[in-house]
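S.K.: Below you will find the structure I want to go over with you.
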Amino acid sequence: MATDPDREDPVDLKTFQQGPTPFALFLMHGPGSPRTFLLTREEMVVGRSDAADIQVDTTDLSPWHLLLRREHGQYTVLDLDSPNGVYLNGLRIHSAVLHEGDNLQLGSVVLVFHEGRE
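Counting in this note's numbering, the final residue of the sequence shown is number 118, and the numbers go up one at a time with none missing.
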């Protein structure tokens with residue numbers, strides 16, 4: 001059977017969509033929303049400081065509000081003793097492992113965590 005050299009084979013979307021995707025935080029509510037922040041480092045700080053890796057310009061956040069740390073293929077969130085605290089799915093936490101769809105609330109700021117695939 002002859003094949004047409006100009007014809008492209010159809011792309012298998014399931015295979016294509018199963019490729020690597022980055023870990024990310026989606027700013028759902030707060031200054032600058034909607035916005036997606038890719039989690040590209042082993043440790044990233046969220047805060048209002050210009051020096052924070054993920055900067056959200058609001059007084060609801062401390063300059064260095066929380067730390068995201070990647071270990072063993074998953075991210076952990078750690079409250080950096082912020083006065084307004086960190087709420088994970090409605091519960092105040094000091095630290096916790098994040099899972100797909102988790103909501104982080106920092107004052108009036110709401111971030112949604114999305115797991116990556118390697």
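Even glycine gets a Cβ: it sits at the ideal position worked out from N, Cα and C.
Since this is a predicted model, take the numbers as computed values, not measurements.
Quick check: the Cα distance between Leu-88 and His-99, rounded to an integer number of angstroms?
M.R.: About 10 Å.
S.K.: Along the chain, where does the beta strand (DSSP E) containing His-65 start, and where does it finish?
M.R.: Segment: none, His-65 is in no beta strand (DSSP E) and carries neither H nor E.
S.K.: By the DSSP assignment, the beta strand (DSSP E) with Glu-43 in it spans what residues?
M.R.: Start and end: 43-47.
S.K.: Between the region 94-114 and the region 64-80, do three or more beta carbon pairs fall short of 8 Å?
M.R.: Yes, since at least three Cβ pairs between the region 94-114 and the region 64-80 fall closer than 8 Å, the two stretches touch.
S.K.: Using the Cα positions of Glu-43 and Gly-30, report the straight-line distance between them to the nearest angstrom.
M.R.: Computed Cα separation, rounded: 22 Å.
S.K.: Return the chain-ordered list of same chain residues with a C-beta closer than 6 Å to the C-beta of Val-45, the five sequence neighbours on each side being excluded.
M.R.: Correct list, in chain order: Ala-52, Asp-53, Trp-64 and Leu-67.
S.K.: Quick check: the Cα distance between Phe-16 and Pro-34, rounded to an integer number of angstroms?
M.R.: Low confidence applies to Phe-16: its pLDDT is 45, below 50, so where it sits in the model is not reliable, and the reading given next is rough at best. Cα to Cα, the separation comes out at about 26 Å.
S.K.: Assuming Leu-104 and Val-86 are in contact, meaning their beta carbons sit under 8 Å apart, how far apart are those beta carbons, in whole angstroms?
M.R.: Right, their Cβ atoms sit about 6 Å apart.
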